[in-house]
Amino acid sequence: MAQYLLTLEISLEPLAIEQVLQVVRYRGFRVTDITVAETQNHYTMTISVFSETSIRNLMQQLNKLYDVTSLTSEMISSLKKSA
Amino acid sequence: MNGASCVLDYLIKYQQTDSVFGYPGGAIMPLYDAMLDFDLTHYLSRHEQGAGFAAIGYARATGKTGVCIATSGPGATNVITVLADAKLDSVPLVMITGQVARPAMGSDAFQEVDVVGLSISVTKHCLQVGTPEELLPKLHQAFEIAQSGRPGPVLIDIPKDILMMDGVEWSPPQCVQAVIDDAPLDDDITEAVANINQLLSEAEKPLIYAGGGIAMAEAIDCFRAFVERTSLPVVSTLKGLGSVLPNYPLNLGMLGMHGLSAANHAVQTCDVLLVIGARLDDRATGKLDEFAPHAKVIHLDIDPAEIDKRRASIHSTTAPLKHLLPLLNATGNYAQWRDKVSTHKVAKAYDYSPKADISAPVFLRQLSDKMSLSDAVTCDVGQHQMWVAQHIQFGHPYNHLSSGGLGTMGFGLPAAIGAKVARPENTVVAVCGDGSFMMNIQELATLKRYGIAVKVVVLDNQRLGMVKQWQELFHEERYSETDLSDNPAFAEVATAFGIASSQITQQHQVQSAINEMLSHDGPFLLHVRLDHRDNVWPIVPPNTANHEMMEG
């Protein structure tokens, strides 16, 4: 189990924010914090997510969205299950 | 020229679209009005889902992009299943929906539904045209996205007032993005190719796992050349059937839940599994933890999100198969392995000896023997779908149109309409189940209206057969809502639609009935009564390894 911070740049398309959130939910990640800001020519979005599954899967799926122009992730915390 | 005319002008000039499938209604009326002035053939279905599946059939039978048109509200909601089907089977499809005029949007207007919101999760991408200036660029983007990389459905929603708007400076699309399939190979591929070739050559029991992505990458010829120079055994997914020709001795057939014994055992014993254009879905792999337990996996697929998604690979690349496959080779000594899989294939070959009653496998093999390898078969979903996959011989994946990922009942008849429109020179047979057929039976009217010579076979066991089979095998014979013994007389139904038909109940009638159907000039329906006790074998029980199959 781990928590990650995703930072995305997204085209200024009305649907783009919904598309990102749909992928995050469908691929099994729980949103714990979110911010969206409109800048000159795009949205900047940060999402903290929590999941037991690989962040790689989510990153690959988000990368397929046409309105996501940049995407990075960093691990915030990792919780190891006790034996 | 108004917005609607620009859409049609674009379809004809930029996409060389010759046929579209759809159903009119209020918000899309300007587009239908403009159609009267353009040289574009529109096929009117009797339900939007029928139009959508026809567009999918057109696309899957040719590799071209299918185009479907529906109105707002219920027209749009009726195509949601179509979009999901195209998404899961990676079909290039552009769905054009009319929307209420912009001043009415967001007011719960008559026939207003948030179709882009609804379609986010079932499309590769969805777009709504917000201004007249966006119309052509977004339409162009819809086609580019549908066709590029891993294909898929794109929905474009166009408000009625934009379709009606005159006097706008409609600019043609600016640049055409390079389609990913045609992108040149980068330097990284050299090392990947060397690694793959080394692993294949060092293997003792290598096996090719052929998926639907091979045909979609237009790589069938170079795939067959690769198979020929390596003489490796091949198993196919449902969508990969036809990638190798039926007469290739080491064509082991379909793997998976209803895969052939030789195919499943080869996967479970191979030491290197070369997965090409496939996503290793659950119906193919069986219990994932025990899938191909001795194999190092090499995964070739254009979609990076599929690599390592369900099974970790040793080597992988997303390079275009057309460029990649000619570079691959396998030079080990596999004689023993070839003998082993070949012996298993022969030992488990299906016995097509006819009995008094009609059996679906025997019927389908007789049908297949009467067809050319360039002809096409569509099907619905259920037992008959698996019998089609097991017993019809396919010359190309474009000739086998089956709803694989979504498993949509009612797919077969409208998909056959699209396939026949696209390829009038080929025989197209829709093999339907009695349950599935009723889900889009209204499309018989489309066959009649245009005289589309689709041959419809209704395999009727008066049951929802696959669900019944599961109830029998895995639910202690507790049959719940799977009895369809009050089915209508399908041949009489066809007659009422103005379509020639016949019915058979005994094996001795089969050959002449198939001959009559195939030689009939025009659409034809053949109603075939089956014993409801027949099941599909083999079957791998759910959450079980593929080699632990039940064989009847």
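Order-wise, the sequence lines are chains A and B. All letters in the first sequence, in the order written, are residues 0 to 82 by numbering that gives the first Met the number 0. All letters in the second sequence, in the order written, are residues 0 to 551 by numbering that gives the first Met the number 0. Glycine is no exception: its CB is placed at the ideal position from the N, C-alpha and C atoms.
Whole angstroms are fine: how far does the CA of H293(B) sit from the CA of A265(B)?
Approximately 11 Å between the Cα atoms of the pair.
Tell me whether Q389(B) sits in a helix, a strand or coil according to DSSP, three-state version.
Three-state DSSP puts Q389(B) in a helix.
Neighbouring residues, chain A, relative to Q127(B) (Cβ below 8 Å):
Within 8 Å Cβ-Cβ: P13, L14.
What does DSSP give as the partner residues of Q2(A) in its beta bridges?
Q2(A) is bridged to F49(A), S76(A).
Taking CB distances under 7 Å as the criterion, tell me whether C174(B) reaches chain A.
Caution is warranted here: a pLDDT of 46 is assigned to C174(B), below 50, making its placement in the model unreliable, and the coordinate value is therefore given only provisionally. Not an interface residue.
Can you pull the chain B residues whose beta carbon is under 9 Å from the beta carbon of Y25(A), in chain order?
Under the 9 Å cutoff, chain B gives S120.
Inspect the beta-carbon positions of V128(B) and L134(B) and report whether they are closer than 7 Å.
Yes; because the gap between Cβ atoms is below 7 Å, this pair is in contact.
6 Å CB neighbourhood of L463(B) in its chain, flanking five on each side removed:
Same-chain partners within the cutoff: G434, T481.
Classify P205(B) as helix, strand or coil using the three-state DSSP reduction.
Reduced to three states, the DSSP call for P205(B) is strand.
Check each candidate in T284(B), S373(B), N460(B) and name the one with the smallest Cα separation from A544(B).
Of the candidates T284(B), S373(B), N460(B), the one whose C-alpha sits nearest the C-alpha of A544(B) is T284(B).
Below 7 Å between beta carbons: does that hold for I144(B) and K123(B)?
Yes, the pair counts as a contact, with Cβ atoms nearer than the cut-off.
At 7 Å on the CB atoms, spell out the chain A contacts of K553(B), in chain order.
Given a span of 0 to 551 for chain B in the structure shown, any question on residue 553(B) remains unanswerable.
Hey, which unbroken runs of the beta strand (DSSP E) at 3 residues or more fall wholly within the region 398–476 of chain B?
If only complete runs of 3 or more residues are kept, the region 398–476 of chain B shows the beta strand (DSSP E) at 427–432, 454–459, in order along the chain.
Does the beta carbon of E17(A) come closer than 7 Å to any beta carbon on chain B?
Yes - at least one Cβ of chain B is within 7 Å of the one on E17(A).
P303(B) at chain A interface by Cβ criterion, 7 Å:
Taking Cβ atoms only, chain A reaches closer than 7 Å to P303(B), which makes this a yes.
Just grab the DSSP bridge partners of K295(B) for me.
Under DSSP, K295(B) forms a beta bridge with V271(B).
Looking only at its own chain, which residues have a Cβ that is under 7 Å from the Cβ of A512(B), when we skip the five neighbours before and after it?
Within the same chain, and ignoring the five residues on either side of A512(B) in sequence, the residues whose Cβ sits closer than 7 Å to its Cβ are S501, I503, L525.
Exposed or buried, what is R413(B) when buried is set at 16 or more other beta-carbons lying within 10 Å of its beta-carbon?
Per the sequence shown, residue 413(B) should be read as Pro rather than Arg. It counts as buried.
Would you verify that the beta carbon of Y3(A) is, or is not, closer than 7 Å to some beta carbon of chain B?
No, no contact with chain B.
Using a Cβ-Cβ cutoff of 7 Å, what residues of the region 45–76 of chain A are near chain B? List them in chain order.
Residues N56, Q59, Q60, K63, Y65.
Figure out for me which residue from P245(B), L244(B), N246(B), T236(B) has the closest Cα to the Cα of M253(B).
Checking every option, the nearest Cα to that of M253(B) belongs to T236(B).
Of all the options A83(B), S373(B), I207(B), L117(B), which has the alpha carbon lying nearest to the alpha carbon of S402(B)?
The option with the nearest alpha carbon to S402(B) is A83(B).
Check for me: the beta strand (DSSP E) holding S235(B) runs from which residue to which?
Where S235(B) is concerned, the enclosing beta strand (DSSP E) stretches over 233–235.
Measuring CA to CA, which of W169(B), I119(B), V114(B), A488(B) is closest to H139(B)?
Residue W169(B) holds the alpha-carbon nearest to the alpha-carbon of H139(B) among W169(B), I119(B), V114(B), A488(B).
Please report the straight-line C-alpha distance between Q571(B) and E73(A), rounded to a whole angstrom.
This structure does not reach residue 571(B), given that chain B is present from 0 up to 551, and the question cannot be answered.
Out of S77(A), M44(A), Q2(A), point me to the one whose CA is closest to L61(A)'s CA.
Ranked by Cα distance from L61(A), the first of S77(A), M44(A), Q2(A) is M44(A).
For L323(B), name the three-state secondary structure that DSSP assigns.
DSSP places L323(B) in helix when its eight states are reduced to three.
Residue environment, D459(B), which counts as buried when at least 16 other CB atoms sit within 10 Å
Its Cβ being crowded by 16 or more others within 10 Å, D459(B) is buried.
Please report the straight-line C-alpha distance between V396(B) and Y449(B), rounded to a whole angstrom.
What sits at residue 396(B) in the sequence shown is Pro, not Val. So the alpha carbons of these two residues sit roughly 26 Å apart.
Please report the straight-line C-alpha distance between M516(B) and V361(B), rounded to a whole angstrom.
C-alpha separation (whole angstroms): 17 Å.
Can you check whether the CB of I297(B) is closer than 7 Å to the CB of I219(B)?
Their beta carbons are not under 7 Å apart, which means I219(B) does not touch I297(B) by this criterion.
Short CB-CB distance (under 7 Å) between Q21(A) and chain B
Yes, Q21(A) lies at the interface with chain B (some Cβ there is under 7 Å from its Cβ).
Beta-carbon spacing of A421(B), Y57(B) below 7 Å
Yes; because the gap between Cβ atoms is below 7 Å, this pair is in contact.
Alpha carbon to alpha carbon, what distance is there between S53(A) and A311(B)?
In a straight line, the C-alpha of A311(B) is about 12 Å away from that of S53(A).
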